[in-house]
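Enquirer: Pasting a structure here, questions to come.
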Amino acid sequence: MTQRTKLDALDRRDFIAGASAVAIATVVFGKAGLAHAQDKPQTFDDIYGKIVGEAKPEDGKVTIDMPEIAENGNTVPYTVSVDSPMTDGDYVKTVHVLSSGNPSPNIATYHFSPLSGAAKVSSRMRLAKTQDIVAVAELSSGKKLIGKRTVKVTIGGCGG
Numbered sequence: 003m004t005q006r007t008k009l010d011a012l013d014r015r016d017f018i019a020g021a022s023a024v025a026i027a028t029v030v031f032g033k034a035g036l037a038h039a040q041d042k043p044q045t046f047d048d049i050y051g052k053i054v055g056e057a058k059p060e061d062g063k064v065t066i067d068m069p070e071i072a073e074n075g076n077t078v079p080y081t082v083s084v085d086s087p088m089t090d091g092d093y094v095k096t097v098h099v100l101s102s103g104n105p106s107p108n109i110a111t112y113h114f115s116p117l118s119g120a121a122k123v124s125s126r127m128r129l130a131k132t133q134d135i136v137a138v139a140e141l142s143s144g145k146k147l148i149g150k151r152t153v154k155v156t157i158g159g160c161g162g
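In terms of the numbering used here, the sequence shown opens at residue 3 and continues consecutively.
Okay, structure coming up:
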């Protein structure tokens, strides 16, 4: 029997074993699945209803800072802040940022803890057209707070 080197060609048994391993890995770890109809996209009202439920959010403690007029909807900066002491007993758990006129109304969801220090976030969003931006804050007590801001968009950023 001769000793194999790295330069020797694969024998048939090694090739079949390797090909089988690749095929099994593709089936097990692959993302391919059965084709099915796409779910109906969620509307602003659907998402808002799931977040708020039966509660009536309190207005005034959530501030949305962003331009009143966005010349280009591709990248609109925003900052959302919630007036909260952020103590162990009273803090903001979650802030949901929604847009009333985008094809995908759920812009972002941010999670906080008392260690966050402040419930404040800044980012950028794409806006399709002139619309309302809504931020809903969920407190540790279960209370909900809301802030709204209307933004006029001159050139849409979501294919509009």
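Heads up, the beta-carbon is just placed ideally off N, CA and C, and yes, glycines get one too.
DSSP three-state call for Ala-137: helix, strand or coil?
Expert: Of the three classes helix, strand and coil, the one that applies to Ala-137 here is strand, per DSSP.
Enquirer: Does DSSP put Ala-120 in a helix, a strand or coil?
Expert: Residue state, collapsed to three classes: coil.
Enquirer: Taking Leu-147 as the reference, which of Asp-90, Val-99 and Asp-48 has the closest Cα?
Expert: Considering only alpha carbons, the answer is Val-99.
Enquirer: State the CB to CB distance for the pair Tyr-93 and Ser-22, rounded to an integer number of angstroms; the pair is presumed to be in contact (CB under 8 Å).
Expert: With 8 Å as the limit, Tyr-93 and Ser-22 do not qualify as a contact, their Cβ atoms being about 54 Å apart.
Enquirer: DSSP beta-bridge partners for Asp-90?
Expert: BP columns for Asp-90 are empty, so no partner.
Enquirer: Quick check: the Cα distance between Val-30 and Phe-17, rounded to an integer number of angstroms?
Expert: Computed Cα separation, rounded: 20 Å.
Enquirer: Determine the extent of the alpha helix (DSSP H) in which Thr-28 is found, giving its start and end residues.
Expert: Element bounds for Thr-28: 14-31.
Enquirer: Between the region 102-118 and the region 60-70, are three or more C-beta pairs nearer than 8 Å?
Expert: No, the region 102-118 does not touch the region 60-70.
Enquirer: When the distance is taken between beta carbons, is Val-97 closer than 9 Å to Glu-140?
Expert: Yes.
Enquirer: Quick one: complete alpha helix (DSSP H) runs, 4+ long, within the region 46-88?
Expert: With a minimum length of 4 residues, the continuous alpha helix (DSSP H) runs that stay inside the region 46-88 are 46-54.
Enquirer: Rank Arg-15, Ala-25, Ala-137 and Ala-19 by C-alpha distance to the C-alpha of Val-123 and give the top, closest one.
Expert: The option with the nearest alpha carbon to Val-123 is Ala-137.
Enquirer: Can you tell which of Glu-56, Leu-117 and Glu-73 has its C-alpha closest to the C-alpha of Thr-132?
Expert: Cα-wise, what sits closest to Thr-132 is Glu-73.
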